[in-house]
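Structure record follows, encoded as structure tokens.
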Amino acid sequence: MNLDWSGMAESTMKVLVAGLIFGAGLPALFAGGVRLWSDGSGEVAADGTVVRRRNPALTVAAYVVFAIVLLVIAVAVLWITKKSLDHYFGWKPFGDAK
């Protein structure tokens with residue numbers, strides 16, 4: 000029995016990196032976007048006076064982070080379903096990528 004240990008180690012590392020990126024990276028990025036959004040919104044006291052003005056730069060940064068997260072999710076779904084999309088609709092979203 001001939002085992003390719005280096006090939007298995009390389010494949011394991013690829014799965015580990017993808018798991019860290021998608022399993023911890025995207026939720027952390029989303030949490031950062033929520034934090035930016037929270038810090039970017041203004042604060043109003045109970046009596047209706049404005050305590051802190053809205054920061055539009057932080058709000059825009061939050062929307063950019065949310066857009067990146069949504070884009071990564073959309074690309075991941077397309078990547079997972081690429082063979083089904085090609086089979087049923089004849090559409091290859093990534094060309095001839097395997």
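The opening position of the sequence shown corresponds to residue 0 in numbering that gives the first Met the number 0, with each subsequent residue numbered one higher. Every residue, glycine too, gets a C-beta built ideally from N, C-alpha and C.
For the pair A60 and L35, the CB atoms are nearer than the 7 Å cut-off. In this structure, the alpha-carbon of F21 lies about 41 Å from that of G47. The C-alpha of W90 is placed about 43 Å away from the C-alpha of N54. Residue pairing by DSSP leaves R53 without any beta bridge partner.
Around the beta carbon of G41, fewer than 16 other beta carbons sit within 10 angstroms, so the residue counts as exposed.
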